[in-house]
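S.K.: In the working numbering, the protein residues as written are 250 to 529.
Ideal Cβ placement from N, Cα and C applies to all residues, glycine included.
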Ligand code: GLU
């Protein structure tokens with residue numbers, strides 16, 4: 250018997266939802282429902298500086314308004330820190346992590362010549378430094394990517410059915426435990442997708458680069474590998490990303506403008522944008 254399809258929507262409660270988020274949630278929801286599967290809701294609230302509890306209630310309200318229903322209880326990452334700590338400990342015991350004391354400014358200055366993607370690639374300043382005497386200083390934990398990738402060997406994942414070769418080295422020594430949070434997005438998402446039995450990760454193309462890292466972590470931690478379906482991002486008429494676009498309407502604004510949630514969801518499914526309603 251084929252495994253039951255499990256997808257998830259995993260928003261970070263850092264603000265109101267936009268049609269771009271709705272689009273991602275609808276795709277993940279419909280993917281599961283079309284296969285008689287389960288659709289889960291996970292709140293990625295480990296970023297203590299940006300996550301706000303009040304945004305959890307509003308995003309739940311927004312998803313319900315769109316007519317999306319999820320299965321089971323909502324999972325909060327902030328209540329699962331022990332799981333991430335366990336995974337971190339395993340990686341540390343494998344000799345793959347090192348503490349990093351650099352400030353953002355130091356990293357930005359040292360990486361100026363090599364910016365790849367949204368985050369500068371860490372230049373490796375603290376790698377190989379004897380940190381034993383400095384452990385009372387504020388630090389994060391980074392993965393020694395070259396060592397980890399060599400240990401894991403060649404890796405690939407399935408995306409829209411095709412094979413993608415993982416290239417985790419391009420990301421550099423990413424942070425797995427932050428100075429201000431006991432886990433990073435990369436670690437938490439990898440641990441949770443496995444723990445929740447997610448078979449199909451349906452998420453935006455903006456996270457494609459992160460999948461190279463997640464695939465490596467799966468290999469190191471012996472976790473199952475879901476199929477991925479990175480979808481195109483919703484763009485406004487000006488070609489800019491709707492989620493980021495200045496003045497792009499929130500779902501709350503559309504609701505207040507008298508839009509109907511399920512009708513809006515169907516509009517997005519049909520490839521039409523709900524911009525006009527927001528202008529009125
Ligand atoms: N929490 C992430 C975000 O809001 C998404 C995580 C994921 O889908 O893997 O961008």
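#1: Does at least one heavy atom of the ligand GLU sit under 6 Å from the Cβ of residue 293?
#2: Tell me, please, whether the CB atom of residue 312 is closer than 7 Å to any CB atom in chain B?
#3: With a CB to CB cut of under 8 Å and the five nearest residues on each side skipped, what residues in its chain are close to residue 390?
#4: Could you check whether residue 417 and residue 447 sit closer than 7 Å to each other, using their CB atoms as the reference points?
#5: Could you tell me the boundaries of the alpha helix (DSSP H) in which residue 307 lies?
#6: Quick check on DSSP: helix, strand or coil for residue 371?
#7: If you count every other CB in all the chains shown that lies within 10 Å of the CB of residue 387, and 16 or more means buried, which is it?
#8: Any chance the stretch 500–520 sits against the stretch 461–478, with 3 or more Cβ pairs inside 8 Å?
#9: With a Cβ-Cβ cutoff of 7 Å, do residue 504 and residue 314 count as a contact?
#10: For the beta strand (DSSP E) that contains residue 267, what are its first and last residues?
#11: Could you please give the first and the last residue of the uninterrupted beta strand (DSSP E) stretch that includes residue 424?
#12: In its own chain, which residues sit with a C-beta less than 7 Å from the C-beta of residue 442, not counting the 5 before and 5 after it?
#13: Per DSSP, what kind of secondary structure is residue 486 in: helix, strand or coil?
#14: Label residue 267 either buried or exposed according to how many other C-beta atoms from any shown protein chain fall within 10 Å of its C-beta, with 16 as the threshold for buried.
#15: Distance check for residue 297 and residue 466, CA to CA, integer angstroms please.
#16: Could you tell me the distance, in whole angstroms, from the CA atom of residue 258 to the CA atom of residue 320?
#17: Any heavy atom of the ligand GLU within a distance shorter than 6 Å of the CB on residue 259?
#18: Please report the distance separating the alpha-carbon of residue 510 from that of residue 355.
#19: Is residue 324 near the ligand GLU, going by C-beta to nearest heavy atom under 6 Å?
#20: Return the CA-CA distance between residue 477 and residue 452, expressed in angstroms with no decimal places.
#21: Within 10 Å of its beta-carbon, does residue 421 have 16 or more other beta-carbons around it, so buried, or fewer, so exposed?
#22: What I want to know is whether the C-beta of residue 353 ends up closer than 6 Å to one or more non-hydrogen atoms of the ligand GLU.
#23: Under three-state DSSP, which class holds residue 440?
#24: Could you check whether the Cβ of residue 440 sits closer than 6 Å to any heavy atom belonging to the ligand GLU?
#25: Start and end of the beta strand (DSSP E) containing residue 286?
#26: Verify whether the separation of the beta carbon atoms of residue 412 and residue 404 is less than 7 Å.
#27: With a CB to CB cut of under 7 Å and the five nearest residues on each side skipped, what residues in its chain are close to residue 455?
#28: Among 332, 326 and 279, whose alpha-carbon lies nearest the alpha-carbon of residue 260?
M.R.: If we stick to the structure as given:
#1: yes
#2: Absence of chain B from the displayed structure is noted, only one protein chain being present.
#3: 337, 341, 346, 347, 348, 349, 424, 425 and 426
#4: For residue 447 and residue 417, no; Cβs fall outside 7 Å.
#5: 302–315
#6: coil
#7: The residue in question, residue 387, is exposed, as its Cβ has fewer than 16 Cβ neighbours within 10 Å.
#8: no
#9: The Cβ-Cβ distance between residue 504 and residue 314 falls below 7 Å.
#10: Run containing residue 267: none; DSSP gives neither H nor E here.
#11: 424–426
#12: So the list reads 450 and 475, once near-sequence residues are dropped.
#13: coil
#14: buried
#15: 23 Å
#16: Cα to Cα, residue 258 sits roughly 11 Å from residue 320.
#17: Result yes, Cβ under 6 Å from the ligand GLU.
#18: One C-alpha to the other measures close to 46 Å.
#19: no
#20: Taking the straight line from one Cα to the other gives about 8 Å.
#21: buried
#22: no
#23: helix
#24: For residue 440, the CB stays at least 6 Å from every heavy atom of the ligand GLU.
#25: Careful: residue 286 lies outside any beta strand (DSSP E) and carries neither H nor E.
#26: The answer is no: Cβ separation not under 7 Å.
#27: 482
#28: 326
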